[in-house]
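Since the structure comes first, as structure tokens, the remarks are kept for the end.
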Ligand SMILES: Cc1ncc(C[n+]2csc(CCOP(=O)(O)OP(=O)(O)O)c2C)c(N)n1
Ligand code: SF4
């Protein structure tokens, strides 16, 4: 079996501003289960990158281990990919970003990958405000190892085998807010209209952008009693106001009424649909976001949308004051102080 | 009583209390010997504790240039009542015991065969200074002065060192000189001086420097063009990354913008530290980390990934006493097997083993070139003795004509040329037959050269495969790369006798100092001559096997219980274990020439019978 998609392209396929068609943003054929939420997320990533006219090779896609972490193979064929080890994608992404601040870093992880084995690295990537988009494909279970509960499974949630999860689930969105993340969002794999603009906004954010995407595992966690099944999520979803992809170049303003939605044309020709559900909802207010999240939890709602953003965010490189040029582009002339300086250094040790 | 006598051949040990500022005074003593042109070596012997516990500093002065540790103390300077009992006991018969006689010495501490020299250090300080901290610090300078007078150290030399030490705080120069002179004067007025044991100016150190291995490694990483470091604090490796940061901050900052041509991040643990190193190297920067045993254990998983996915990386393992958390402030060479075979599956790693600071510098520069040439982790194996102690060393040398060897990296032009020839880029294709494939860096080309880096089984085009034959092919190519490595690593060093001995000795790293001295002792005192080889790298160059084959018996000197280096030799070269005789030391202290001499002489005596 080959995993390479046929090369045939319809000659009339529309091209984006950098001359690529949407197929140029695809990857090899997915080997995930048919209907897996993760594939829908891959689709949204393709859509967002195409609409943003990102040059695919300027993206570095990284992941850990798990079904979710396999997905980078299924989008952006012309990007370099890095499947690291279980839970350790954040550190690899950190190093990659330290080496070259100019690329776009897209990390994909699972809830097992992130909330258990990789919790330490996840937390510290947030703390360092690494400039990357970190997508958690959150299905409340371990897909690749066949259905064990993950740390994001809600207490009382029933697994396919019928056992009831006794432990509290970790809410990655709440945790990220608490940790000071500068962009925090949640979405649902089945809601492309919400997810695509969120991905676009996250990709243009300067700093760490988390999107926790509920992504039901059709094989191991789509049963009655699971709080990460399609049906459960659809019934309990509550979307927040969203300001999608707004580049800094020029302010784009829009006014619309509560409960309505509006299309906004963006600079690159793409459009973002804004919903407004909460009056006066300001995603720049961390405290409000935290209490709104608590409230949703109490009411059994799953809050989706852009929960928090800090438009003034400073990323790792700005914090540690590293050169504006990518460090991997520096040469001997920039880096090596030379024999003369070494002679002076030697003198200090005599 | 026969007093110890002699010129330029002695061991002085300082017994201090951790955290009392004695380190800089002790160092001034050592440096004054060096500046008088006499070879010396200095060792810190310190507890794994920040304050209050006993700490020792040992200086060996050796006109013959022996730079290993020598057993037995000729002069003990003891200002720590807590350790006094063992300190008195460690003095050689006829040696000297310097102590603070502001209070009388307890009779338990009196030995008939030791010379006692009392100096009222606290008394003098109480008289001269009112501030408590000053009393503490200047007490140290008083004993430096006393030793200078007793050993005939040139006072101008000590004054010069004080002036250098306080260059940035010139106000402190005069009071320090005063305190030192108070010590000098006390000796002049109360004791016969110099002692029979003394130093005398020589011209034996040439252009040498005195530097610790961690600093030399850190400077080496700057010169090698490392721009990224991820690290996690652990004794005894911490000062290595700190040195890298210090020299980067000095040499790689744009004075106008304050921006740095380096990114250093203290990671949350060693897993992350090495993950950062891999991410950065994958992305084309030269990145490294430094750690010690416990950290190396944590890095195993990523080392396996780096080996299999063929990602360059540089890792310095400054070994300390194991197992487990072990003796954090003591030295060993006991991470060898872990480092060589780190991670599950058929994984092996290239090791570089420097023996002195200037080699630390050179091997760091080599390590980055080799990592990129071989596309694999290079582990530089040092130890606490080399890393944290100051050693007399050849100056660090850099050839301005040297260019960084970035290994096989395809550029956009290369990729276009490749496809013009109708060829497809394959990340893991053995194009040149040396087992080393070509890589591309992210963002090289809009449509060509991208690939997936993964730790799962893959084919030559980096595609996931569960085809066992293809996986075996990759493993075989990695073996070929391993053979290529043997040819390009630093060569071993040989020390041959005139009349071709049939006995050989192998050593590496910091055992070198003692081993070279042991060769002299064996010849002079036992009439035994032997050939020697200093190993510098793993996998072993062909000459290592030849050396072993050429000798009937080969002693392998190392600082661990299980003779790990010997195991590597037996395992990799399929050598009869009987031929390799262990000479071991694993008490956490650097091995001595006497121990090696005795071990070898005893073994040879035993087989004669
Ligand atoms: C160190 C290590 N431990 C365990 C595993 C086995 N393992 C593979 S994927 C996985 C969990 C994946 O769960 P998640 O991250 O939620 O991704 P999903 O498959 O559900 O998308 C585990 C435990 C591993 N690969 N490595
Ligand atoms: S097991 Fe679950 S998570 Fe994995 S591919 Fe299948 S549906 Fe998706």
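Chains as they are written, first to last, in the working numbering: chain A, 9 to 358; chain B, 1427 to 2035.
The beta carbon of each residue, even a glycine, is placed where N, CA and C say it ideally should be.
All figures in this text were calculated on a predicted structure; none of them were measured in a lab.
Whose C-alpha, out of A/292, A/205, A/240, is nearest the C-alpha of residue 185 of chain A? For this step, residue 185 of chain A is matched to residue 177 along the first chain. In this structure, A/292 is the residue among A/292, A/205, A/240 with its C-alpha nearest to the C-alpha of residue 185 of chain A.
Taking all protein chains shown into account, decide if residue 79 of chain A is buried (16 or more other Cβ within 10 angstroms of its Cβ) or exposed. Here residue 79 of chain A refers to the residue found at position 71 of the first chain. Buried, since its Cβ has 16 or more Cβ neighbours within 10 Å.
Between the alpha carbons of residue 2032 of chain B and residue 2014 of chain B, how many angstroms are there, rounded? Translated into the one-based positions of the second chain, residue 2032 of chain B becomes position 606. Translated into the one-based positions of the second chain, residue 2014 of chain B becomes position 588. Approximately 27 Å, taken between the alpha carbons.
If you compare alpha carbons, which of A/188, A/231, A/65, A/311 is closest to residue 222 of chain A? Taking the first residue of the first chain as position 1, residue 222 of chain A is located at position 214. A check of alpha carbon separations from residue 222 of chain A across A/188, A/231, A/65, A/311 identifies A/311 as the nearest.
Please decide whether residue 1702 of chain B counts as near chain A, where near means a Cβ-Cβ distance under 8 Å. Here residue 1702 of chain B refers to the residue found at position 276 of the second chain. Taking Cβ atoms only, chain A reaches closer than 8 Å to residue 1702 of chain B, which makes this a yes.
List the residues of chain A whose Cβ lies closer than 9 Å to the Cβ of residue 1744 of chain B, in chain order. Start at 1 with the first residue of the second chain, and residue 1744 of chain B comes out as number 318. Result: empty, since nearest Cβ-Cβ is about 19 Å, beyond 9 Å.
Report all residues from its chain with a CB closer than 6 Å to the CB of residue 1572 of chain B; omit the five preceding and five following residues, and keep chain order. By one-based count along the second chain, residue 1572 of chain B stands at place 146. For residue 1572 of chain B, the CB contacts under 6 Å within the same chain, skipping 5 residues up- and downstream, are 1545, 1609, 1613 in chain order.
Boundaries of the alpha helix (DSSP H) in which residue 1957 of chain B is found, first to last residue: Position 531 of the second chain, counted from the start, is the residue given in the question as residue 1957 of chain B. Not the alpha helix (DSSP H): residue 1957 of chain B falls in the beta strand (DSSP E), residues 1957-1961.
Note down, in chain order, every chain A residue with its Cβ under 7 Å from the Cβ of residue 2036 of chain B. Residue 2036 of chain B cannot be examined here, being either before or after the span of chain B that is shown, 1427 to 2035.
Which of the three DSSP states, helix, strand or coil, is assigned to residue 357 of chain A? Translated into the one-based positions of the first chain, residue 357 of chain A becomes position 349. The three-state secondary structure of residue 357 of chain A, taken from DSSP, is coil.
What I want to know is whether the C-beta of residue 94 of chain A ends up closer than 7 Å to one or more non-hydrogen atoms of ligand 1. Start at 1 with the first residue of the first chain, and residue 94 of chain A comes out as number 86. Yes; taking the cut-off as 7 Å, the Cβ of residue 94 of chain A has a heavy atom of ligand 1 nearer than that.
If you draw a straight line from the alpha carbon of residue 1654 of chain B to that of residue 1724 of chain B, how long is it in whole angstroms? Sequence index remark: in the second chain, residue 1654 of chain B carries index 228 (1-based). Sequence index remark: in the second chain, residue 1724 of chain B carries index 298 (1-based). C-alpha separation (whole angstroms): 20 Å.
By the criterion of Cβ-Cβ separation under 9 Å, what are the contact partners of residue 1891 of chain B in chain A? As a working note, residue 1891 of chain B is residue 465 in the second chain. Chain A residues near residue 1891 of chain B: none, gap ~10 Å exceeds 9 Å.
Can a CB atom of chain B be found closer than 8 Å to the CB of residue 34 of chain A? Translated into the one-based positions of the first chain, residue 34 of chain A becomes position 26. By this cut-off, residue 34 of chain A is not an interface position.
Quick check: the Cα distance between residue 1836 of chain B and residue 1805 of chain B, rounded to an integer number of angstroms? Numbered from its first residue, the second chain carries residue 1836 of chain B at position 410. Numbered from its first residue, the second chain carries residue 1805 of chain B at position 379. Within the model, the alpha-carbon separation for residue 1836 of chain B versus residue 1805 of chain B is close to 25 Å.
Within 10 angstroms of the Cβ of residue 322 of chain A, are there 16 or more other Cβ atoms? Answer buried if so, exposed if not. Locating residue 322 of chain A in the first chain gives position 314, where the first residue counts as 1. It is exposed - the Cβ of residue 322 of chain A has fewer than 16 other Cβ atoms within 10 Å.
DSSP beta-bridge partners of residue 71 of chain A: Within the first chain, the letter at position 63 stands for residue 71 of chain A. Secondary-structure assignment with DSSP links residue 71 of chain A through a beta bridge to A/91, A/116.
Residues with C-beta closer than 5 Å to any heavy atom of ligand 2, in chain order: Screening all residues for a C-beta within a distance smaller than 5 Å of any heavy atom in ligand 2 leaves A/40, A/41, A/44, A/75, A/151, A/225, A/226, A/227, in chain order.
8 Å Cβ cutoff, residue 1826 of chain B in contact with chain A: Translated into the one-based positions of the second chain, residue 1826 of chain B becomes position 400. Interface residue, yes.
Can you tell me the Cα-Cα spacing of residue 1694 of chain B and residue 205 of chain A, whole angstroms? On the second chain, residue 1694 of chain B is found 268 positions in, with the first residue counted as 1. On the first chain, residue 205 of chain A is found 197 positions in, with the first residue counted as 1. Each residue's alpha carbon lies about 33 Å from the other.
Going by the C-beta, is residue 119 of chain A closer than 7 Å to any heavy atom of ligand 1? As a position in the first chain, residue 119 of chain A is number 111, starting the count at 1. Yes; taking the cut-off as 7 Å, the Cβ of residue 119 of chain A has a heavy atom of ligand 1 nearer than that.
Here's a check: name, in chain order, each residue in its chain whose Cβ is nearer than 7 Å to the Cβ of residue 240 of chain A, leaving out the five neighbours to either side. Along the first chain, one-based indexing puts residue 240 of chain A at 232. Counting only residues of its own chain and dropping the five nearest sequence neighbours on each side, residue 240 of chain A has a CB closer than 7 Å to the CB of 234.
With 9 Å as the limit, tell me which residues of the stretch 317-333 of chain A have their beta carbon closer than that to any beta carbon of chain B; keep them in chain order. Hits within the stretch, in order: 324, 325, 328, 329, 330, 331, 332, 333.
Closer than 8 Å by C-beta to residue 1919 of chain B: which residues in its own chain qualify, once you throw out the five before and the five after it? Chain order, please. As a working note, residue 1919 of chain B is residue 493 in the second chain. Excluding residues within five positions, the ones whose Cβ falls inside 8 Å are 1959, 1960, 1962.
On a CA-only basis, which of A/231, A/105, A/124, A/177 is nearest residue 167 of chain A? Give me that one, please. As a first step, residue 167 of chain A is located in the first chain; it is residue number 159 there, counting from the start. Taking only the C-alpha atoms, the option nearest residue 167 of chain A is A/231.
Partner residues on chain A for residue 1649 of chain B, Cβ-Cβ distance less than 8 Å: By 1-based counting over the second chain, the position of residue 1649 of chain B is 223. Per Cβ cutoff of 8 Å: 344, 345, 350.
Residues near residue 98 of chain A in its chain [Cβ-Cβ closer than 6 Å; skip 5 each side]: The residue labelled residue 98 of chain A in the question sits at position 90 within the first chain. Listed in chain order, the non-local C-beta contacts of residue 98 of chain A below 6 Å within the same chain comprise 129, 130, 133, local neighbours out to five positions each way being set aside.
Any chance the stretch 1930-1942 of chain B sits against the stretch 1873-1882 of chain B, with 3 or more Cβ pairs inside 8 Å? Judged by pairs of C-beta atoms under 8 Å, the stretch 1930-1942 of chain B does not touch the stretch 1873-1882 of chain B, as fewer than three such pairs exist.
Whole angstroms are fine: how far does the CA of residue 1910 of chain B sit from the CA of residue 1895 of chain B? Taking the first residue of the second chain as 1, we reach residue 1895 of chain B at position 469. Taking the first residue of the second chain as 1, we reach residue 1910 of chain B at position 484. Each residue's Cα considered, the two are about 23 Å apart.
Mind checking if residue 1694 of chain B is an interface residue toward chain A, Cβ cutoff 8 Å exclusive? As a working mapping, residue 1694 of chain B is identified with position 268 in the second chain. At least one chain A Cβ lies under 8 Å of residue 1694 of chain B.
Return helix, strand or coil for residue 282 of chain A, following the three-state DSSP convention. By 1-based counting over the first chain, the position of residue 282 of chain A is 274. Note on residue 282 of chain A: pLDDT 44, under 50, position unreliable in the model; the coordinate value appears next. Assigned with DSSP and collapsed to three states, residue 282 of chain A falls in strand.
Mind reading off the beta-carbon distance from residue 1818 of chain B to residue 1466 of chain B? Whole number of angstroms is fine, and I expect it under 8 Å. To locate residue 1818 of chain B, count along the second chain from 1; it is residue 392. To locate residue 1466 of chain B, count along the second chain from 1; it is residue 40. With 8 Å as the limit, residue 1818 of chain B and residue 1466 of chain B qualify as a contact, their Cβ atoms being about 7 Å apart.
Are residue 376 of chain A and residue 1711 of chain B touching if we call contact CB-CB under 8 Å? The shown model of chain A, from 9 to 358, leaves out residue 376 of chain A, and the question about it has no answer.
From what residue to what residue does the alpha helix (DSSP H) around residue 1670 of chain B run? Walking along the second chain from the start, residue 1670 of chain B turns up at place 244. In the DSSP assignment, residue 1670 of chain B falls within the unbroken alpha helix (DSSP H) covering 1664-1677.
Using a Cβ cut-off of 9 Å, pull out every chain A residue sitting near residue 1881 of chain B, in sequence order please. Residue numbering aside, residue 1881 of chain B sits at position 455 when the second chain is read from its first letter. Neighbours of residue 1881 of chain B on chain A, chain order: 73, 91, 92, 93.
Give the DSSP-derived three-state secondary structure of residue 258 of chain A in the structure shown. Looking up residue 258 of chain A in the first chain gives position 250. Its pLDDT being 37, under 50, residue 258 of chain A is placed unreliably by the model, and nothing is read from it.
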